[in-house]
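Q: To start, I am sharing the structure in question, which I have written as structure tokens.
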Amino acid sequence: MKAIRLLSLSLAALLCTASAAPLAFAQAAPQNAAKRPAQDPELQAAIAKSNAYTSLANRTLRAIESWDRYKSWVDLKKGPTGKERYIDYGLYSLYDVKDEIAKAEAATGQAPAQPELDGAVKRFIAAYQELAPLITRAERYYERKDYRGDNVAEGRELHAKMVPAAEAFLRERAQFDVQLNAYKKGIDARELAAIEASEGRLARWQLRNIMIHARAVMDLMPSNERPIVDLAAFDTALAGYSGAIKEMDRFKDNNPSGVPMIDSSASTWLGSLRDFREKLGKSKGDVRKGAAGDANRIVSSYNMMVTMSDSAARMIR
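Now the structure itself:
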């Protein structure tokens, strides 16, 4: 069993808010008679595509978690022998993703056309559909301890199929993530501009600006597959998030009500990020050398901010 199992939540946390929120929150006429952002049909279509792909990405994270579970007790080169100390860990069962796959497949043919992203989604779905049935068989096999009756024969057979399927799945997942994150950044910029054009840099703009920059930090958080942080890129993202907090502070100077629910947590998170960065500096970016606990707390706090930001968006008037 591996000594440390890093940040299984980090990618999930990132993706759960990676879709741009629709511009039409249920909001009444606010201070200064600000209007809702105009409904740009092209932007709304882009958001719909992003949401379909993000739902698929979120729901299929379970396959990554299940594969990590398997890797935690088996020697991938040798395969299962039946003598592993933690063989009872088995694998996690997968979620039903039929609806998410159907919606994502439909989105690949819908505007706005995104050839690279749409292609990455199709390849990812194919890779998932190759791996998922194998994980399901293996999960049942180890859950029922069938390996005790066949001397791990089926376990070895499944292992030989799962390893290449998992490698292909993870490779396609990485490409999917890169393409999806880049796509969302473009949507974020357009959404933020639409809010500013409609009502200026008021509470809603501040909220979105904070969460956009928070996600930029999350893009660089470590994972099991990537435990070493790019410190230069992290510093850039951290500076961007710090700038968003300062922007919020200037807004609060003239608007005492501030940004509902999230302003305190967002400020506290900045302090946690700076503590984390200091530890990363000492380990040359390797989170395994004393910063894994901080990283998981940062992920947990980010998840809470996501929840609070969703509620705050509905409160803003």
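Every number in our numbering is 351 more than the matching position in the sequence shown, counting from 1.
Heads up, the beta-carbon is just placed ideally off N, CA and C, and yes, glycines get one too.
All values derive from a computational prediction rather than experimental measurement.
Suppose contacts are defined by Cβ-Cβ distances below 8 Å. Is ILE613 in contact with SER660 by that definition?
A: It is a contact, given that the beta carbons lie within the stated cut-off.
Q: For LYS450, does the three-state DSSP call read helix, strand or coil?
A: Contrary to the premise, residue 450 reads as Asp rather than Lys in this sequence. ASP450 falls in the helix class under three-state DSSP.
Q: If the criterion is Cβ atoms closer than 8 Å, does the pair SER423 and LEU442 meet it?
A: Going by C-beta atoms, SER423 is not nearer than 8 Å to LEU442.
Q: Is ASP600 buried or exposed, if buried means 16 or more other CB atoms sit within 10 Å of its CB?
A: By the 10 Å Cβ count, ASP600 comes out exposed.
Q: Tell me which residues share the same chain as THR411 and place their Cβ nearer than 7 Å to its Cβ, disregarding the 5 neighbours each side in the sequence.
A: Closer than 7 Å at Cβ, skipping near neighbours: VAL448, TYR479.
Q: Use the C-beta contact count for ASP581: other C-beta atoms within 10 angstroms, 16 or more gives buried, fewer gives exposed.
A: Exposed is the call here.
Q: Under 8 Å, do LEU427 and VAL514 count as touching if we go by C-beta distance?
A: Contact: yes.
Q: Start and end of the alpha helix (DSSP H) containing ASP570?
A: That residue, ASP570, is in no alpha helix (DSSP H); it is neither H nor E in DSSP.
Q: Taking DSSP's pairing of strands, which residues face ILE415 in a bridge?
A: Its beta-bridge partners do not exist; DSSP assigns none.
Q: Using DSSP with H/G/I as helix, E/B as strand and the rest coil, what is ALA379?
A: At ALA379, the pLDDT of 25 sits below 50, so the modelled position is not reliable and the matter cannot be decided from this model.
Q: Using three-state DSSP, classify ILE613 as helix, strand or coil.
A: In the structure shown, ILE613 sits in coil (DSSP, three-state: anything other than H, G, I, E or B).
Q: How many Å lie between ALA663 and ALA545 at the Cα?
A: Near 19 Å, if we compare the C-alpha coordinates of ALA545 and ALA663.
Q: Would you list the one or two residues that DSSP bridges to ILE398?
A: DSSP output for ILE398 lists no bridge partner at all.
Q: Considering only residues of the same chain and omitting the five flanking positions on each side of GLY591, which have a CB-CB separation below 7 Å?
A: So the list reads HIS564, ALA567, once near-sequence residues are dropped.
Q: Going by Cα to Cα distance, which pick from LEU445, TYR404, ALA554, TYR492 is closest to ARG474?
A: The shortest C-alpha separation from ARG474 is found at TYR404.
Q: On the DSSP bridge assignment, give the partners of ASP528 in chain order.
A: The partner list for ASP528 (beta bridge, DSSP) is empty, contrary to what the question assumes.
Q: When you compare only the Cα positions, how much space is there between PRO484 and ASP604?
A: Their Cα atoms are separated by approximately 56 Å.
Q: Going by DSSP, what residues sit across from ASP586 in a beta bridge?
A: Looking at the DSSP assignment, ASP586 forms no beta bridge with any residue, so it has no partner.
Q: Can you tell me which residues form a DSSP beta bridge with ILE579?
A: Looking at the DSSP assignment, ILE579 forms a beta bridge with ASP637.
Q: Rank GLU598, ASN409, PRO466 by C-alpha distance to the C-alpha of ASP450 and give the top, closest one.
A: That would be ASN409, whose Cα lies nearest to the Cα of ASP450.
Q: Would you check if the segment 642-654 and the segment 621-630 touch, i.e. whether three or more CB-CB distances between them fall below 8 Å?
A: Counting Cβ pairs under 8 Å, three or more are found: they touch.
Q: Rounded to a whole number of angstroms, what is the C-alpha to C-alpha distance between VAL529 and ASP469?
A: Cα to Cα, VAL529 sits roughly 12 Å from ASP469.
Q: Which residues in the same chain as LEU543 place their Cβ atom closer than 8 Å to its Cβ, once the five residues preceding and following it in sequence are excluded?
A: Excluding residues within five positions, the ones whose Cβ falls inside 8 Å are TRP556, ARG559, ASN560, ILE563.
Q: Would you call the CB atoms of ALA455 and LEU407 closer than 8 Å?
A: Yes, the pair counts as a contact, with Cβ atoms nearer than the cut-off.
Q: Between MET655 and SER616, which are expected to be in contact by the criterion C-beta below 8 Å, what is the C-beta distance as a whole number of angstroms?
A: Rounded, the Cβ-Cβ distance is 7 Å, consistent with contact.
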